[in-house]
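Trainee: This is the structure I have questions about; it appears just below.
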Amino acid sequence: MATGAGSMIAYRPIPGNIIIDTLTGTKYILQKVIGTCDFHFIYKACYYTVASTIEGRLLPTGYTTVKYIRPGYEVYKSKRAQQSMRNSNIIHFETWRIEDFRHGFCVALPYMSEGSLRYILSTRFHNGLPEDCIAIALKQALLGLFDLHFSDRVHKRFSAGNIYVNFKPRPVSNVEIKLGYAATIYESDLETPVVLERGPEPGNQPYLSLKGKNPGGPPILDLSLLSDWAAAPEVFHSKYYDSDDENRNPAKSSSRSEDDDDYSFKSDIWLVGIAALELAYGNLRISHREELEGVIMKIKRSRRLPDKLEHVLEEYHEEEKKGKMKKVTGYFKDKMKLVQSKRSNKFSKEFEELVLDCLCSSESKRPSVADLLQRPFFRYAKNLKWFQRRVLYAKNRMPYC
């Protein structure tokens with residue numbers, strides 16, 4: 001039922017396995033792998049309640065997401081949030097402890113049929129979402145973040161990878177966009193590449209493992225750890241800064257630790273700005289922290305977002321190669337962009353100001369979630385039906401990008 005991942009036994013049962021909730025009698029049939037969390041697989045499952053039997057036939061009740069979790073601080077936070085925020089844009093547990101496994105257990109989460117926004121970017125909108133759809137998606141996520149902040153909780157890991165989309169075609173078509181929090185977060189990949197393997201000893205049970213990927217090209221930072229390497233300056237420099245490490249890149253996630261002292265509402269707002277950049281450009285191909293800081297600095301100096309992030313990255317690398325004099329020249333070039341009266345830019349002034357304010361180096365000058373939601377960019381955002389049409393129903397996605 002599981003395979004070793006180093007010294008850890010990972011939860012990786014084969015699709016088709018049946019889980020029976022002993023308390024309710026509900027049956028869960030694992031259908032496919034739809035993501036990962038640490039070394040464990042996340043599954044789409046079809047479930048059948050006791051009431052699903054009609055005239056001797058077992059009819060499916062619906063779909064759910066099955067996730068393995070281990071007791072700890074993240075689970076505690078999710079349970080406390082669920083008790084105080086039942087009707088919010090935060091993803092909560094649907095069913096608690098449907099199966100025990102090793103030192104943890106499986107839970108059922110709402111099935112988010114379209115995956116995360118990051119997954120949608122990687123498969124459909126490689127160059128970013130249309131700006132009006134960014135407004136719709138971010139607004140829904142910010143409504144969830146507002147509930148967290150109102151209940152005096154910090155998210156710590158806000159990103160496009162933790163915002164999930166669900167589409168219900170029947171009986172009435174309906175789109176949901178919700179924010180994962182703490183133990184309900186996972187890396188979404190509806191087409192997770194898996195392979196069936198067997199152990200070396202005769203009689204060993206077959207198990208699933210991840211198929212190897214060869215991304216090619218220069219190394220880039222892992223987007224699943226974005227909330228660490230792209231954390232707000234006050235968080236990053238207190239948790240990750242090491243003068244002996246040139247790159248200052250976190251080797252492992254620290255945002256899941258029990259230490260919340262370095263995080264604040266304003267560090268969440270910084271991550272909102274980073275998420276907006278990822279949604280605008282489709283990806284953040286950053287190789288080290290200094291590169292990210294250089295890109296943000298150039299955006300701040302020009303007071304505008306470039307049409308393509310690669311243009312800023314190229315300018316940054318040129319300045320790094322040519323040294324200090326080139327940096328001074330680059331500074332004046334950025335200032336010239338600011339005073340140009342005529343410009344062709346695919347982003348609105350409202351969106352650019354949103355990103356710049358969220359990425360303010362001084363945390364006290366960053367807006368609150370309530371302030372953001374009052375801005376015209378979100379107040380006049382279109383509805384979820386528009387997101388459904390422009391993103392989920394888009395036949396040719398590239399022209400929008």
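All the letters of the sequence shown, read from the start, carry residue numbers 1 to 401 under full-length UniProt numbering. From the three backbone atoms N, C-alpha and C, an ideal C-beta is built for every residue, glycine too. The model shown is predicted, which means the values in this text are computed figures rather than measured ones.
Under a three-way DSSP split, which group does S116 fall into?
Mentor: Mapped onto the sequence shown, residue 116 falls at position 116. In the structure shown, S116 sits in a strand (DSSP, three-state: E or B).
Trainee: Suppose you measure from the CA of P233 to the CA of C46; what does that come to, to the nearest Å?
Mentor: As a working mapping, residue 233 is identified with position 233 in the sequence shown. As a working mapping, residue 46 is identified with position 46 in the sequence shown. Cα to Cα, P233 sits roughly 43 Å from C46.
Trainee: Straight-line CA distance for A160 to Q388?
Mentor: Counting from 1 along the sequence shown, the entry for residue 160 is found at position 160. Counting from 1 along the sequence shown, the entry for residue 388 is found at position 388. Using only the alpha carbons, I get a separation of about 17 Å.
Trainee: So the candidates are L143, W229, S364 and H40; which of them puts its Cα closest to the Cα of S287?
Mentor: Here the question's residue 287 lines up with position 287 in the sequence shown. Ranking the options by Cα distance to S287, first place goes to W229.
Trainee: At the level of alpha carbons, what is the spacing between Y281 and H126?
Mentor: Taking the first residue of the sequence shown as position 1, residue 281 is located at position 281. Taking the first residue of the sequence shown as position 1, residue 126 is located at position 126. Between Y281 and H126, the C-alpha separation is close to 8 Å.
Trainee: For a quick check, are the C-beta atoms of C358 and A276 less than 8 Å apart?
Mentor: Numbered from 1 along the sequence shown, position 358 holds the residue referred to as residue 358. Numbered from 1 along the sequence shown, position 276 holds the residue referred to as residue 276. Yes, these two residues count as a Cβ contact at 8 Å.
Trainee: Start and end of the beta strand (DSSP E) containing L30?
Mentor: Residue 30 sits at position 30 when you count from the first residue of the sequence shown. Looking at the DSSP string, the run of the beta strand (DSSP E) that includes L30 is K27 to C37.
Trainee: Going by the beta-carbon positions, is the gap between L373 and V175 smaller than 8 Å?
Mentor: The residue you call residue 373 lines up with position 373 of the sequence shown. The residue you call residue 175 lines up with position 175 of the sequence shown. Result no, Cβ atoms of L373 and V175 do not sit closer than 8 Å.
Trainee: What does the alpha-carbon distance come out to for the pair S122 and D147?
Mentor: Taking the sequence shown and counting its residues from 1, the one referred to as residue 122 is at position 122. Taking the sequence shown and counting its residues from 1, the one referred to as residue 147 is at position 147. If you take the alpha carbons of S122 and D147, they lie about 29 Å apart.
Trainee: So the beta strand (DSSP E) A108 belongs to, where does it begin and stop?
Mentor: The residue you call residue 108 lines up with position 108 of the sequence shown. Here the beta strand (DSSP E) through A108 covers G104 to P110.
Trainee: Any idea if E278 is buried or exposed, counting beta-carbon neighbours within 10 angstroms, 16 or more meaning buried?
Mentor: By one-based count along the sequence shown, residue 278 stands at place 278. Per the 10 Å Cβ criterion, buried.
Trainee: Using CA coordinates, which residue listed in Y263, K308, P367 and T26 is at the minimum distance from S238?
Mentor: Residue mapping note: residue 238 aligns to position 238 of the sequence shown, counting from 1. Of the listed residues, the one whose Cα sits closest to S238 is Y263.
Trainee: Rounding to the nearest angstrom, what Cα-Cα distance links N345 and F351 in this structure?
Mentor: Position 345 of the sequence shown holds residue 345. Position 351 of the sequence shown holds residue 351. In a straight line, the C-alpha of N345 is about 11 Å away from that of F351.
Trainee: Secondary structure at A275, three-state DSSP: helix, strand or coil?
Mentor: For this step, residue 275 is matched to residue 275 along the sequence shown. Note: A275 maps to helix in three-state DSSP.
Trainee: Quick check: what's the CA-CA separation for R57 versus L208?
Mentor: Here residue 57 is taken as the residue at index 57 of the sequence shown, counted from 1. Here residue 208 is taken as the residue at index 208 of the sequence shown, counted from 1. Looking at the two C-alpha atoms, the distance is approximately 31 Å.
Trainee: To the nearest angstrom, how far is it from the Cα of M85 to the Cα of Q140?
Mentor: By one-based count along the sequence shown, residue 85 stands at place 85. By one-based count along the sequence shown, residue 140 stands at place 140. Rounded to the nearest angstrom, the two C-alpha atoms are 15 Å apart.
Trainee: Helix, strand or coil for Y240? Go by DSSP, reduced to three states.
Mentor: Within the sequence shown, residue 240 is the residue found at index 240, counting from 1. If DSSP states are grouped into helix, strand and coil, Y240 belongs with coil.
Trainee: Considering only residues of the same chain and omitting the five flanking positions on each side of M112, which have a CB-CB separation below 8 Å?
Mentor: As a working mapping, residue 112 is identified with position 112 in the sequence shown. Excluding sequence neighbours, M112 sits near T65, I91, Y164, V165, N166, E176, K178 and S188.
Trainee: Which runs of the beta strand (DSSP E) at least 3 residues long sit entirely within the region 115 to 170? Give them in chain order.
Mentor: Listed in chain order, the complete beta strand (DSSP E) runs (minimum 3 residues) inside the region 115 to 170 are 163 to 168.
Trainee: Can you tell me whether F150 is buried or exposed, with buried defined as 16 or more other CB within 10 angstroms of its CB?
Mentor: Position 150 of the sequence shown, counting from 1, holds the residue named residue 150. By the neighbour-count rule (16 or more Cβ atoms within 10 Å), F150 is not buried but exposed.
Trainee: Return the first residue and the last residue of the alpha helix (DSSP H) that D100 is part of.
Mentor: Here residue 100 is taken as the residue at index 100 of the sequence shown, counted from 1. Premise fails: D100 lies in the beta strand (DSSP E), T95 to F101, not in any alpha helix (DSSP H).
Trainee: Should Y63 and F41 be called a contact, given that it needs their Cβ atoms to be closer than 8 Å?
Mentor: By 1-based counting over the sequence shown, the position of residue 63 is 63. By 1-based counting over the sequence shown, the position of residue 41 is 41. No; because the gap between Cβ atoms is not below 8 Å, this pair is not in contact.
Trainee: Quick check on the DSSP output: the alpha helix (DSSP H) that includes A81 runs from which residue to which?
Mentor: In the sequence shown, residue 81 corresponds to position 81, counting from 1. Here the alpha helix (DSSP H) through A81 covers Y73 to S84.
Trainee: Hey, how far is the Cα of W386 from the Cα of K321?
Mentor: Working through the sequence shown from its first residue, we reach residue 386 at position 386. Working through the sequence shown from its first residue, we reach residue 321 at position 321. Distance between the alpha carbons of W386 and K321 is about 45 Å.
Trainee: Kindly indicate the opening and closing residues of the beta strand (DSSP E) around C46.
Mentor: Position 46 of the sequence shown, counting from 1, holds the residue named residue 46. C46 -> beta strand (DSSP E) spans H40 to Y48.
Trainee: Comparing C-alpha positions only, which one of I220, K77, F105 and R118 sits nearest to R285?
Mentor: Your numbering for residue 285 matches position 285 in the sequence shown. Among I220, K77, F105 and R118, the Cα nearest to that of R285 belongs to I220.
Trainee: Counting C-beta neighbours from all protein chains within 10 Å, is the total for residue 408 16 or more, i.e. buried, or is it exposed?
Mentor: Look at the range of the chain in this structure, 1 to 401, and you will see that residue 408 is not part of it.
Trainee: Would you report the Cα separation of D222 and I98, rounded to the nearest angstrom?
Mentor: The count along the sequence shown starts at 1 and reaches residue 222 at position 222. The count along the sequence shown starts at 1 and reaches residue 98 at position 98. Distance between the alpha carbons of D222 and I98 is about 32 Å.
Trainee: What separation, rounded to the nearest whole angstrom, lies between the Cα atoms of Y240 and D307?
Mentor: Start at 1 with the first residue of the sequence shown, and residue 240 comes out as number 240. Start at 1 with the first residue of the sequence shown, and residue 307 comes out as number 307. When rounded, the distance between both Cα atoms is 31 Å.
Trainee: Rank C37, Q82, K156 and K298 by C-alpha distance to the C-alpha of L210 and give the top, closest one.
Mentor: As a position in the sequence shown, residue 210 is number 210, starting the count at 1. Selected option, being the one with the closest Cα: C37.
Trainee: So, Y76 versus P60, is the Cβ gap smaller than 8 Å?
Mentor: Sequence index remark: in the sequence shown, residue 76 carries index 76 (1-based). Sequence index remark: in the sequence shown, residue 60 carries index 60 (1-based). Taking 8 Å as the Cβ cut-off, Y76 and P60 do not qualify as a contacting pair.
Trainee: Leaving out the 5 sequence neighbours to the left and right, which residues in its chain are closer than 6 Å to L384 when beta-carbon positions are compared?
Mentor: The residue you call residue 384 lines up with position 384 of the sequence shown. Hits under 6 Å: V175.
Trainee: Excluding sequence positions up to five away, which residues of its chain have a Cβ less than 7 Å from the Cβ of P376?
Mentor: In the sequence shown, the residue the question calls residue 376 occupies position 376. Closer than 7 Å at the Cβ level, and outside the excluded window around P376, lie E350.
Trainee: The beta strand (DSSP E) that contains residue 405, what's its start and end?
Mentor: This structure cannot settle anything about residue 405, because the visible part of the chain is limited to 1 through 401.
Trainee: What span of residues does the beta strand (DSSP E) with E176 cover, start to end?
Mentor: Translated into the one-based positions of the sequence shown, residue 176 becomes position 176. First-last of the beta strand (DSSP E) with E176: N174 to L179.
Trainee: Determine the DSSP secondary structure at R285, reduced to helix, strand or coil.
Mentor: As a working note, residue 285 is residue 285 in the sequence shown. If DSSP states are grouped into helix, strand and coil, R285 belongs with coil.
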